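In case it helps, mature numbering (1 follows the signal peptide of the UniProt record, and there is no 0) puts the sequence shown at residues -41 to -1, 1 to 81.
What follows is one structure encoded as structure tokens, with my remarks underneath.
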Amino acid sequence: MKKTSTKNSSRSLCMAMACKASWRSFYALLLPLLFLLQSQAAVTATGQQQQQWSQEACAPFSCGLFHNISHPFHRTTDPPQCGDRMYELTCDGDKATISIGSTHYLITQLSYKSGTIRLRQK
């Protein structure tokens, strides 16, 4: 009887650890994005960065229901210096999505002012 209990509890522990590992990977990718959003408002770009991200070269864009999207986000049609390819958005009608790893997320909220982004798994 004890062997079954030990086996079930170790299986539950392994499943719980796998779940925690999955969340850790998600947050490991999401936290840098949130940091970039927050720091974008606080950091003054150097002359080279200002030229690189100038309005002429990297104009803000709309994607889905969101407007005035800019660095760190990137679209496939953007020049390489505009945004970060790690944060590439896919725009389809009124939906904006982002892929983190192999998982696709629907963007439900994006605010540069508060430095937040809300995602829902597709």
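For each residue, glycine too, the CB sits at the ideal point set by N, CA and C.
A quick note: this is a predicted structure, and the numbers were derived from the prediction, not measured.
CA-CA distance, residue 16 to residue 75, rounds to 25 Å. In the three-state scheme derived from DSSP, where H, G and I count as helix and E and B as strand, residue 46 is classed as helix. Between residue 42 and residue 33, the beta carbon gap of about 3 Å places them in contact (Cβ cut-off 8 Å). When 69, 78, 77 are compared, the shortest CA-CA separation from residue 30 is found for 69. Boundaries of the beta strand (DSSP E) harbouring residue 63: 62 to 70, taken from the DSSP string.
Put simply, the backbone Cα of residue 81 is about 14 Å away from that of residue 48. DSSP, read as helix, strand or coil, puts residue 78 in strand. Counting other Cβ atoms within 10 Å of its Cβ, residue 55 reaches 16 or more and is therefore classed as buried.
Excluding the 5 residues flanking it on each side, residue 62 has same chain C-beta neighbours closer than 7 Å at 80, in chain order.
DSSP places residue 26 inside the beta strand (DSSP E), whose first and last residues are 25 to 28.
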